[in-house]
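S.K.:
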Amino acid sequence: MASNGYRNGAHRGSSSMKLDRQLPPANLKSSSFKSRVLPSQSPGSALRRSSPASFAAKGNDGVPGRVRVAVRLRPRNVEELAADADFADCVELLPELKRLKLRKNNWDSDTYEFDEVLTEFASQKRVYEVVAKPVVESVLDGYNGTVMAYGQTGTGKTFTLGRLGEEDTSDRGIMVRSMEDIFADISPETDSVSVSYLQLYMETIQDLLDPANDNIPIVEDPKTGDVSVPGATIVEIRDQQSFMELLRIGEAHRIAANTKLNTESSRSHAILMVHVKRSVMGREDIISSENGDPPHLAKPFKPLVRKSKLVVVDLAGSERVHKSGSEGHMLEEAKSINLSLSALGKCINALAENSPHVPVRDSKLTRLLKDSFGGTARTSLIVTIGPSPRHRGETASTILFGQRAMKVENMLRIKEEFDYKSLSRRLEVQLDKLIAENERQQKAFEDEVERINVEAQNRVSEVETNFADALEKERLKCQMDYMESVKQLEEKLVFNQQKHDHDGFTDEKCILQVPRFSVSEEVVEIRKLLENETNLRKVAEEEVKNLRSQLGQHPPLAAGGDAEMLKLRKILEDETRQKKKLEEEIIILRSQLFQLSFEADQMKMCLDRGGTGNAFAGLDSSMSPVRHSQLKDSGNGQKASIATLFEQVGLQKILALLESEDANVRIHAVKVVANLAAEEANQKKIVEAGGLSSLLMLLRSFEDETVRRVAAGAIANLAMNEANQELIMTQGGISLLSMTAADAEDPQTLRMVAGAIANLCGNDKLQMKLRTEGGIKALLGIVRCGHPDVLSQVARGIANFAKCESRCSTQGTKSGRSLLIDDGALPWIVQNANSEAPPIRRHIELALCHLAQHEVNARDMISGGALWELVRISHDCSREDIKSLARRTLSSSPAFRSEMRRLRMEF
Ligand code: ADP
Ligand code: MG
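For the record, in the sequence shown the residue sitting at position 873 is 892 according to the numbering used here, with numbers rising by one throughout.
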């Protein structure tokens with residue numbers, strides 16, 4: 020910052036003073052030819068100086084700020100008005116130019132420039148605002164601040180600083196006004212203000228708030244160099260009144276002390292210290308940059324206490340410096356007063372000249388004011404002068420003192436302290452949290468690593484064992500079964516061929532269904548497949564071996580071995596998949612083998628008996644569409660095969676294959692399931708294992724006639740069981756069967772469907788539901804296929820239904836006309852009552868008898884022509900039981916009897 024200070028005629032200080040260089044001597048013109056100032060020169064262009072605003076400018080943290088100096092002229096007092104009436108003042112003020120002319124004589128004057136020039140008319144308010152207010156504001160912002168008054172006794176130092184203004188409020192001085200501003204700015208809840216009031220006299224510090232305390236030491240912090248007087252009374256004040264009271268007490272004590280010491284207050288320095296403590300929210304940058312802590316420790320709310328100090332110094336009269344001893348003062352006192360003030364002057368000179376040594380330690384005053392000059396405080400100095408030419412010398416020396424002070428640069432520094440206790444508490448809590456969290460994470464991490472390790476080891480060994488076991492077992496079994504089956508098949512084939520050639524007989528149906536030559540071909544094919552499988556298994560075994568050895572080579576898996584572990588795991592998973600696939604293929608092969616064996620047996624039987632070779636045939640005597648009598652008949656081999664299959668492969672796996680992606684697998688699987696379902700003992704197991712749902716699903720997702728046919732057959736077999744019947748109904752089976760009935764063309768499929776529905780028709784509980792869901796209509800729709808086997812199942816269904824209905828009617832759980840008649844079954848019944856196919860005829864005859872037992876059906880039966888059929892049955896049915904049932908029925912029905920009478924029929 021450029022110094023604006025200069026002294027006319029006596030350039031001082033360094034060449035860096037800008038103003039000096041800016042004033043060319045040739046341009047000088049003034050009232051005094053000695054003057055170097057050019058009065059007409061525009062101050063803005065010639066003199067670069069601070070505006071009042073910049074006088075008041077607040078320094079930033081650690082920025083230099085020059086000591087601001089104002090000069091104040093006291094008005095002439097009464098005495099001076101009288102004595103100096105004929106004389107002009109020794110000074111002439113040019114306040115708008117902030118200059119002061121000090122007359123040397125009538126024709127010569129020196130001009131000085133100050134930061135502020137305050138005339139005799141300047142109000143106390145204005146003085147406060149230009150001199151002290153910026154300092155007070157600074158203090159409120161956290162800087163230390165000093166306001167000093169320097170001048171000859173009687174020039175108005177105390178008036179300027181310490182006036183209480185009790186009589187006239189406009190007289191209030193800087194101390195009072197400062198405190199007013201401080202109180203206006205602070206918040207009483209968080210901030211505090213405390214005050215000490217001291218007097219320095221003869222190098223002794225006295226406590227003006229406690230006069231007994233009269234030798235207070237100055238303490239300097241060895242680290243920070245901060246000066247304090249901890250021995251002094253510090254009174255915390257909360258309002259202006261108590262401060263005023265304190266000032267009064269201090270002043271009273273000062274007078275008393277001076278009386279006691281037989282001296283004047285002008286010989287002592289009065290020092291008011293105002294300590295301001297403010298709570299502020301901390302800033303992260305400060306915390307982070309100052310202590311270098313990691314940023315996460317710097318929370319937005321830092322409990323900071325900002326401490327600052329306002330020092331107001333009413334210095335002893337400056338005349339003592341020059342006049343000590345000459346006016347009869349005691350030598351010691353003069354020395355002492357001299358000491359402090361002259362030390363102050365020396366320090367200011369040294370600072371102004373940028374001297375490396377500043378003799379701060381020379382006096383208590385300079386030690387106390389260490390911060391204020393060349394220290395870290397914002398400092399304002401007001402030099403007071405009187406107008407009297409008689410004191411021209413004093414005035415001149417005062418002005419010079421001020422001029423030198425203007426060159427002193429202070430380094431402003433904000434003083435903030437952490438509220439370390441609360442900060443430390445917070446940090447401790449935070450640290451504990453972090454430690455706990457860290458511990459948790461560490462533990463979790465270790466546990467996880469441990470878990471993964473154990474899991475991986477377990478999985479590796481489990482998969483290894485399982486795989487090896489399964490492979491070995493499968494291989495052995497497969498081989499044995501395979502050898503056995505092939506042997507049997509070949510034997511049978513040879514035998515059959517011989518027999519066939521010998522008989523010269525061919526059953527067309529059999530050939531159609533089981534082509535002889537394909538068996539040996541398929542056997543060859545299967546053998547190939549099995550060889551392939553065996554090879555594949557060998558390869559897989561080899562790979563397992565490899566894996567095992569790899570595993571052996573690897574050290575125990577640690578956290579770092581994750582990638583390796585993942586790789587191994589992936590290989591294992593692939594292996595497991597491969598194994599599953601192999602197992603699936605084995606099951607398929609087995610089921611194929613089974614199927615082939617079964618078909619070969621059928622062929623053999625067909626050749627042996629010349630009977631029907633239909634695997635699902637044999638309806639003539641059974642209520643089941645799919646009989647397993649053939650299975651039983653075909654010898655222990657097949658039965659054993661199924662049992663073996665069941666045991667070895669497991670029902671779940673076979674059922675799972677029903678949902679296989681591979682259509683071929685599905686076909687084989689459904690065949691196996693159908694064959695299993697033919698065994699009564701398996702039916703419950705199949706349903707419990709969810710086989711029914713899978714079979715129904717196959718019906719629903721129709722894509723292959725064979726699948727549909729076999730699935731329907733399996734369902735028909737399951738439908739033999741009463742509990743299963745209800746399950747089929749609840750799982751929507753009847754509508755699926757009806758749907759299949761409606762669009763299937765294949766007689767075998769229709770036969771299976773009709774068989775399944777026929778079985779359901781035999782359940783009393785399901786009558787209504789079956790009819791509502793279109794069961795009867797589905798049966799009647801199936802008759803479009805004229806195949807006798809199909810019609811036989813339809814007839815069986817109708818007979819079953821009629822029988823149940825009859826039973827329900829007898830029991831009273833049903834009333835009204837037969838649902839069969841409602842659904843239009845009667846014409847077909849009548850039409851087929853005399854069918855040439857014995858099973859059809861028999862079922863229909865039974866159905867008619869059941870219907871006729873209830874009078875409510877009589878009218879429809881008569882009009883539909885059923886009566887004639889009943890009469891016929893009662894006459895010539897081959898089965899006696901049916902014949903007699905028909906007779907009983909006819910004789911017990913009034914409607915039939917009357918109709919027969921009407922027709923004059925004999926009964
Ligand atoms: P100092 O403290 O410098 O010895 P004082 O403040 O005691 O001087 O002032 C001496 C006298 O001058 C007092 O009576 C005071 O009221 C009066 N006085 C000082 N300055 C002014 C002023 N600016 N206006 C009016 N009276 C003043
Ligand atoms: Mg005074």
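Quick reminder that beta carbons are idealized off the backbone N, C-alpha and C, glycines included.
#1: Exposed or buried, F514, counting other C-beta atoms within 10 Å across all chains shown (16 or more means buried)?
#2: Just tell me which of T174, G173 and R196 has its CA closest to the CA of G184.
#3: For the stretch 163–170 and the stretch 103–123, state whether three or more C-beta atom pairs, one from each stretch, are separated by less than 8 angstroms.
#4: For the ligand ADP, any of its heavy atoms closer than 6 angstroms to the Cβ of R95?
#5: So, for D190: in the same chain, excluding its five sequence neighbours on each side, which residues have a beta-carbon less than 7 angstroms away from its beta-carbon?
#6: Which word fits Q812, buried or exposed, when buried means at least 16 other C-beta atoms lie within 10 angstroms of its C-beta?
#7: Relative to the C-alpha of M924, which residue among R891, Q461, S903 and N373 is closest?
#8: Which term fits N551, buried or exposed, when burial requires 16 or more other beta carbons within 10 angstroms of its beta carbon?
#9: Which value, in whole angstroms, describes the spacing of the CA atoms of R898 and R719?
#10: Taking buried to mean at least 16 other C-beta atoms within 10 Å of its own C-beta, is R267 buried or exposed?
#11: Give the secondary structure of H862 by DSSP, where H, G and I count as helix, E and B as strand, and everything else as coil.
#12: How should H376 be labelled, buried or exposed, when 16 other C-beta atoms within 10 angstroms of its C-beta is the threshold for buried?
#13: Can you tell me whether DSSP reads R297 as helix, strand or coil?
#14: Go ahead and label R85 buried or exposed: buried means 16 or more other beta carbons lie within 10 angstroms of its beta carbon, across all protein chains shown.
#15: I believe T403 touches V110 by the beta-carbon criterion, under 8 angstroms. Please report the beta-carbon distance rounded to the nearest angstrom.
#16: May I ask whether a heavy atom of the ligand ADP can be found less than 6 angstroms away from the beta carbon of F178?
#17: By alpha-carbon positions, which one of E456, Y220 and L867 ends up nearest to V332?
#18: Check the DSSP bridge columns for H288 and list the partner residues they point to.
#19: Pop quiz: I945 and L387 are said to be a contact at Cβ under 8 angstroms. What is the actual Cβ separation, rounded to whole angstroms?
#20: Are the beta-carbon atoms belonging to E139 and P207 less than 7 angstroms from one another?
#21: Taking the alpha helix (DSSP H) that K704 belongs to, which residues open and close that run?
#22: Taking the alpha-carbon positions, what's the A856 to Q850 distance?
#23: Under the three-state reduction of DSSP, which class applies to S504: helix, strand or coil?
#24: Leaving out five residues before and five after H294 in sequence, what residues of the same chain have Cβ atoms less than 6 angstroms from its Cβ?
#25: Where does A89 fall in DSSP's three states?
#26: Tell me whether S189 counts as near the ligand ADP, meaning its Cβ is closer than 6 angstroms to at least one heavy atom of that ligand.
#27: Could you compute how far the alpha carbon of R920 sits from the alpha carbon of L909?
#28: Using a Cβ-based criterion (distance less than 6 angstroms to any ligand heavy atom), does T174 qualify as near the ligand ADP?
#29: For the stretch 796–878, which segments carrying the alpha helix (DSSP H) assignment without a break, of at least 4 residues, lie completely within its bounds, in sequence order?
#30: Return helix, strand or coil for E132, following the three-state DSSP convention.
#31: Excluding the five sequence neighbours on either side, which residues of its own chain have a C-beta within less than 7 angstroms of the C-beta of Q597, listed in chain order?
#32: Can you tell me the Cα-Cα spacing of I237 and Q225, whole angstroms?
#33: Just confirm the distance between the C-beta atoms of V299 and L265, as a whole number of angstroms; I'd bet it's less than 8 angstroms.
#34: How do the stretch 720–735 and the stretch 678–697 stand: do at least 3 beta-carbon pairs fall below 8 angstroms, yes or no?
#35: Quick check: the stretch 898–907 against the stretch 863–871, are there 3 or more CB pairs under 8 angstroms?
#36: Return helix, strand or coil for R325, following the three-state DSSP convention.
M.R.: On the basis of the supplied data:
#1: exposed
#2: Answer by Cα proximity: R196.
#3: no
#4: no
#5: Q143, R182 and G184
#6: buried
#7: R891
#8: exposed
#9: 41 angstroms
#10: exposed
#11: helix
#12: H376 is exposed by the Cβ-count criterion.
#13: strand
#14: Result: buried.
#15: Their Cβ separation, rounded to whole angstroms, is 12 angstroms, which puts T403 and V110 out of contact at 8 angstroms.
#16: yes
#17: Y220
#18: For H288, which the question treats as bridged, DSSP gives the partners L219.
#19: Outside the shown range of the chain, which is 20 to 926, sits residue 945, and nothing can be said about it.
#20: no
#21: E699 to E707
#22: 13 angstroms
#23: helix
#24: S213 and K328
#25: strand
#26: no
#27: 12 angstroms
#28: yes
#29: 807–830, 838–841, 845–851 and 857–871
#30: strand
#31: A559
#32: 11 angstroms
#33: Incorrect: roughly 26 angstroms between the Cβ atoms, too far for contact.
#34: yes
#35: yes
#36: strand
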